[in-house]
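S.K.:
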Amino acid sequence: MELIVQGRRAYAYTGGKPFDPRLPCVVFIHGAQHDHSVWGLQTRWLAHHGHGVLAFDLPAHGRSEGVLRDDGTYGPLADIETAADWIAAALDAAGVVRAFVVGHSMGSLIALETAARHPARVARLALVGSAYPMKVSDALLDAARNDEPRAYAMINAWSHATIAAKPSAPAPGFWLHGANLRLMERQHPGVLLNDFTACNAYAHGEEAAAAVRCPTLAVLGGADLMTPVKAGRALAGKIEDHQIEVVPGCGHAIMSEAPDALREALAAFFMAAQTA
Numbered sequence: 003m004e005l006i007v008q009g010r011r012a013y014a015y016t017g018g019k020p021f022d023p024r025l026p027c028v029v030f031i032h033g034a035q036h037d038h039s040v041w042g043l044q045t046r047w048l049a050h051h052g053h054g055v056l057a058f059d060l061p062a063h064g065r066s067e068g069v070l071r072d073d074g075t076y077g078p079l080a081d082i083e084t085a086a087d088w089i090a091a092a093l094d095a096a097g098v099v100r101a102f103v104v105g106h107s108m109g110s111l112i113a114l115e116t117a118a119r120h121p122a123r124v125a126r127l128a129l130v131g132s133a134y135p136m137k138v139s140d141a142l143l144d145a146a147r148n149d150e151p152r153a154y155a156m157i158n159a160w161s162h163a164t165i166a167a168k169p170s171a172p173a174p175g176f177w178l179h180g181a182n183l184r185l186m187e188r189q190h191p192g193v194l195l196n197d198f199t200a201c202n203a204y205a206h207g208e209e210a211a212a213a214v215r216c217p218t219l220a221v222l223g224g225a226d227l228m229t230p231v232k233a234g235r236a237l238a239g240k241i242e243d244h245q246i247e248v249v250p251g252c253g254h255a256i257m258s259e260a261p262d263a264l265r266e267a268l269a270a271f272f273m274a275a276q277t278a
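Per my numbering, the sequence shown starts with residue 3, numbered consecutively.
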């Protein structure tokens, strides 16, 4: 599904069904150097079980056009706050007044900031593989700046807690490390450094968490090296109405390493809102 957001073309995956804004809407926000496809195993289930789904490609990621930047070029959004306002504008473009919002890693910071800046737009919030502050190591920043393939290898090693998570994926032949590597390779040059810089610079996490008033679920990987459980718990604990679910033995790539566990957690959390 294509939308025009702030004058530029944006893509949203709808889970294999036409988007219906009358249904309870779930918005998915991907992390650094990723796109909508990381949510494939969760979005399709929700779209086929009574939800409207919008898994956005952030500007200059995946199929979405970049935005006009201060230097006159088109590229990704420069910071978390601007990205949160972009999500609100994307909801306007899709005709959605209020949504459940899910974000992973960098996307979790965007989701958090969206809930804080635009509280009327977010009914429930899910933070996946999240932490604050979300600082990026100097070694990884240097690789993102000077040697992107080396950065991809580092991310792949640190994002997965297993060589081949069981049952690995819904069918034989899936290779989590290879799929994630290919996904990162197909993004535009310079996007990774932009995304990491945005995570590093974000300084509003505690204030945003304190401002969130909607029910919030934090889904954390028990073996996550990039956003450790302790840091994820600390962030969630600053939100008034929160619950935490830890997936044992799972790394940062929760969507692919533990797709069923994440789907079940999200489905239960969002469906509880409809029966309350």
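Note that beta-carbon positions come from the ideal geometry of N, C-alpha and C, so glycine has one too. It should be emphasised that the depicted structure is a prediction, and the values quoted were computed from it without experimental measurement.
1) Taking only three categories from DSSP, how would you classify Val130?
2) Around the Cβ of Tyr15, are there at least 16 other Cβ atoms within 10 angstroms (buried) or fewer (exposed)?
3) Helix, strand or coil for Ser170? Go by DSSP, reduced to three states.
4) Nearest by alpha-carbon distance to His50: which of His36, Phe58, Cys27, Leu70 is it?
5) In three-state DSSP terms, what is Val249?
6) Can you round the beta-carbon distance between Val221 and Glu247 to whole angstroms, since I take them to be within the 8 Å contact cut?
7) Short of 7 Å in beta carbon distance, which residues of its chain neighbour Val7, apart from the five on each side in sequence? Order them along the chain.
8) Tell me which residues share the same chain as Pro250 and place their Cβ nearer than 7 Å to its Cβ, disregarding the 5 neighbours each side in the sequence.
9) With distances taken Cα to Cα, identify the nearest neighbour of Ala263 among Val55, Gly54, Tyr134, Leu43.
10) Could you check which residue in Leu183, Ala101, Arg46 has the C-alpha nearest to that of Phe272?
11) At what residue ranges does the segment 175-261 contain a whole run of the beta strand (DSSP E), taking only runs of 3 or more?
12) Rank Thr75, Asp140, Leu70, Gly52 by C-alpha distance to the C-alpha of Ala270 and give the top, closest one.
13) Grab the span of the alpha helix (DSSP H) containing Glu67 for me, first residue to last.
14) Take every Cβ of the segment 107-121, pair it with every Cβ of the segment 207-217, and state whether three or more of those distances are shorter than 8 Å.
15) Note the first and the last residue of the continuous alpha helix (DSSP H) segment covering Ala92.
16) For Ile112, collect the residues of the same chain with a Cβ closer than 7 Å to its Cβ; drop the 5 residues on either side in sequence, then sort them by chain order.
17) Decide if Val242 is buried, meaning its Cβ has at least 16 other Cβ atoms within 10 Å, or exposed.
18) Note the first and the last residue of the continuous beta strand (DSSP E) segment covering Ala163.
19) First and last residue of the alpha helix (DSSP H) that includes Ala57?
20) Counting only the same chain and skipping the five closest in sequence on each side, list residues whose C-beta sits under 8 Å from that of Gly54.
21) Return the CA-CA distance between Met108 and Gly33, expressed in angstroms with no decimal places.
22) Assign Phe30 to one of three DSSP states: helix, strand, or coil.
23) Over the uninterrupted alpha helix (DSSP H) stretch that includes Ala122, give me the two end residues.
24) Between the Cα of Ser132 and the Cα atoms of His254, Met3, Arg265, Ala274, which residue gives the shortest distance?
25) Where does Ala106 sit, in a helix, a strand or coil, going by DSSP?
26) Note down the Cα distance separating Leu195 from Gly207, rounded to an integer number of angstroms.
27) Evaluate the contact criterion for the segment 127-146 versus the segment 65-79: three or more CB pairs, one atom per stretch, below 8 Å.
28) Which residues does DSSP pair with Val7 in a beta bridge?
29) Roughly how many angstroms separate the alpha carbons of His38 and Asp59, rounded to a whole number?
30) So, at 7 Å on beta carbons, what are the nonlocal neighbours of Ala117 in its own chain, with the 5 sequence-adjacent residues on each side left out?
M.R.: Let me spell this out:
1) strand
2) buried
3) Caution applies to Ser170, whose pLDDT of 49 falls short of 50 and renders its modelled position unreliable; the value that the coordinates give is listed next. Residue state, collapsed to three classes: coil.
4) Cys27
5) strand
6) 5 Å
7) Trp88, Ala91, Ala92, Ala95
8) Gly224
9) Leu43
10) Ala101
11) 218-223, 244-249
12) Gly52
13) From DSSP, Glu67 is part of no alpha helix (DSSP H); its letter is neither H nor E.
14) yes
15) 82-96
16) Ile31, Ile82, Ala85, Ala86, Ile89, Gly105
17) For the sequence presented, residue 242 should be read as Glu rather than Val. Result: exposed.
18) Run containing Ala163: none; DSSP gives neither H nor E here.
19) Not the alpha helix (DSSP H): Ala57 falls in the beta strand (DSSP E), residues 54-58.
20) Thr16, Phe21, Asp22, Pro23, Arg24, Leu25, Pro26, Cys27, Val28, Val98
21) 5 Å
22) strand
23) Segment: none, Ala122 is in no alpha helix (DSSP H) and carries neither H nor E.
24) His254
25) The residue you asked about is not Ala; residue 106 is His in the sequence shown. Three-state DSSP puts His106 in a strand.
26) 20 Å
27) no
28) Arg10
29) 5 Å
30) Val103, Val124, Leu127, Val214, Cys216
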